[in-house]
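Encoded as structure tokens, the structure appears first; notes follow it.
Residue numbers (the numbering used here): 6 to 748.
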């Protein structure tokens, strides 16, 4: 009643000229008949008098156009008026869809009126205001209804999104309209359809969809312990949560899909199974349902959430579990089919299913990532925790099946690999079993683990699909590339500072290079044909690793040589040894050098392979002896006392030098290597000859020279021997005679 009064009051203000629609109609009819008369007039007059007719015709034609325009405007005003009246009636009766449709009719009449050029009615502005007021009024009523129909009970917004706060969320859906006002169809339908007619449905559903995601769907994915609970009371349906003890950190996708499907089923039944009137001509093309609209709004976000928080975690980490993954793919398909049946999803395969079906590739990616992370951790762990390897030591690996036995593909591969007429190696004379063996030495425990990781990953690759196999093979290559780049940089300072670490790193590199020689070969029958074109190899990496180990160790050798020369430079050139202070300085320098060598001999003991150890120690001892020889040979004057003291310094070197060779921890086994020192020290004999000269008479020196054929001539040039003779002996005729013999 009130609404009607209000509307009538409004109308009385701006439509005084139109008492009622009936008057309009009669005016319209009057006009229509006068138009008919005009038409007849035109036809008769024109025939009578053409010259007058032209002018009159034009005038009459213009009048006709004016009248036609006025007529159509009046018709539209009449339509607008009728629509607004019927809207009011429908709204009072809560026939929301009808009311909305009448408003839309009024709106289209108004649009037509506004489009008439050269026909500005003051009244249009008033009509437009009226329409806006009525539309807002209608939306307000609908909003009130919607809030009664769909009630959210949410946790206080201040609280975090913890399990406790999530548990407080509830969604209530009104199921039955109040008794006294029976409306066709569920109450929700008319409210939602009216929203649709007014073009406001998208906005309402968007808000609903966001709440649904935040408080119901996403928590179900994130918290495995949440269970959706449904309760039906007389006129309301309630969706809330209970929590069971979580068994796992991650829910299986199968369970998550079940829970989410339940939520959608409830929504479908009580809220969303509403066909929408499509405005205008689209109505023919089958109706949109609410479910589709909501699906469009939330599916992408929900699907991302399911992939990231559910499917990603369910990807298996070893190929044996891949078989069981079929179940997950199946349940993803079922889940999507259910959502399509309820119209939430359209027909195409979604990202969710693509992700699940693409499990092999995700498996490979996850596996490769795990492998690289594990490898990196091993590379950045301490170098000095070592394990001993011997020629017989093997990596703890599962036995590789004999390529000529077992499953069909191996047999077939094996026969392809050996063309007819090529006898397999088995029957030929064997190489010694130590041809490819590594010498005994120590390597970092982490490097042995790294190698195990490489073998395990290749073994896994052989059991995988082609695509996965290729990826895993290359991730093993990446492990080695990574070692090459990471280790020297990451451990740079320690490798420079500690000779023992440099030695271990050298062994690590040689150990890796050694395995890389055969690594691809061991798996050649098993790696898929994709790689069998000879690509399944690691041999190309071998020289790089050998170089890496050598360079690091040689750098350490340069440091040690530098220290030896530095110490010997404090020996005051070994001149004037009869001066006590000078002798002490020289003696101290020799002692320090021997001490340095002894310490090195200890830290490299049992670490370096024996042959490398002897070479390295020999080179360093050689540096010391060579320097002493050079210094003494350069002296210009050596007194008898100087000579004695120099001799005793040299004797210390010769006696104690070999004792620094202790490649093995068992003392008695080192004798052999100490006796072989002359083999490893290039200047050993030169040094011994120098000692002989320091103690010899002129005649003995001449005899040792033996016309350039004696042992002395093998170590020193004539010029050097002459120089030493001049330094050691005074200028006499005997000296001159001796010098003459040296040439």
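A virtual CB, placed ideally from N, CA and C, is assigned to each residue, including glycine. Just so you know, these numbers come straight off a predicted model, no measurement behind them.
Proximity test, residue i beta-carbon vs the ligand GDP heavy atom, cut-off 8 Å
i	result
residue 469	The ligand GDP is absent from the structure shown, which contains no ligand whatsoever.
Residue i in three-state terms, based on DSSP
i	result
residue 233	strand
residue 391	strand
residue 294	strand
residue 611	coil
residue 701	coil
residue 642	coil
residue 747	coil
residue 484	helix
residue 496	coil
residue 62	helix
residue 548	helix
residue 385	coil
residue 77	helix
residue 504	helix
residue 320	coil
residue 172	coil
residue 474	helix
residue 460	helix
Classification of residue i by the beta-carbon crowding that lies within 10 angstroms, buried from 16 upward
i	result
residue 288	Low per-residue confidence applies at residue 288: pLDDT is 40, beneath 50, and the placement is therefore not dependable, though the value from the model is reported in the following sentence. Residue 288 should be labelled exposed.
residue 741	exposed
residue 86	buried
residue 92	buried
residue 220	buried
residue 576	buried
residue 4	The structure shown does not extend to residue 4, since the chain spans only 6 to 748, so no value can be given for it.
residue 145	exposed
residue 560	exposed
residue 725	buried
residue 179	buried
residue 647	buried
residue 273	buried
residue 525	buried
residue 35	exposed
residue 185	With a pLDDT of 46 at residue 185, under the threshold of 50, the modelled position of this residue cannot be trusted; read the value that follows with caution. Residue 185 is exposed by the Cβ-count criterion.
residue 107	buried
residue 749	Nothing about residue 749 can be reported from this structure: the residues present for the chain run from 6 to 748 only.
residue 138	exposed
residue 754	The structure shown does not extend to residue 754, since the chain is modelled only from 6 through 748, so no value can be given for it.
residue 739	exposed
Per DSSP, cross-strand counterpart(s) of residue i
i	result
residue 241	179
residue 246	233
residue 446	394
Proximity winner among the options, relative to residue i (alpha-carbon distances)
i	options	result
residue 340	299, 301, 319, 270	270
residue 563	330, 549, 356, 628	628
residue 461	322, 245, 583, 513	322
residue 381	260, 443, 459, 394	459
residue 503	455, 147, 203, 389	389
residue 602	590, 618, 588, 591	618
residue 662	640, 649, 622	622
residue 551	624, 332, 518	518
residue 374	473, 595, 224	473
residue 716	694, 730, 734, 723	694
residue 245	231, 453, 546	231
residue 195	743, 510, 103, 654	103
residue 349	337, 516, 391, 266	266
residue 453	513, 332, 466	513
residue 43	586, 57, 61, 30	61
residue 337	320, 361, 351	361
residue 745	372, 707, 463	707
residue 140	130, 159, 131, 203	203
residue 690	658, 80, 702, 301	658
CB contact check: residue i to chain C, cutoff 9 Å
i	result
residue 642	You won't find chain C in this structure, because it holds only one protein chain.
(request) Let me know the alpha helix (DSSP H) ranges lying completely inside the region 660–689, each 4 residues or longer, listed in chain order. (result) 676–680, 682–685
(message) I'd like the ranges of any beta strand (DSSP E) spanning at least 3 consecutive residues and lying wholly in the region 81–161.
(response) 155–158
(request) Jot down the residue ranges of each uninterrupted alpha helix (DSSP H) in the region 568–626, minimum 4 residues, whole runs only, in chain order. (result) 585–609
(message) In chain order, what are the residue ranges of uninterrupted alpha helix (DSSP H) at least 4 long that sit wholly in the region 720–747?
(response) 723–733, 738–746
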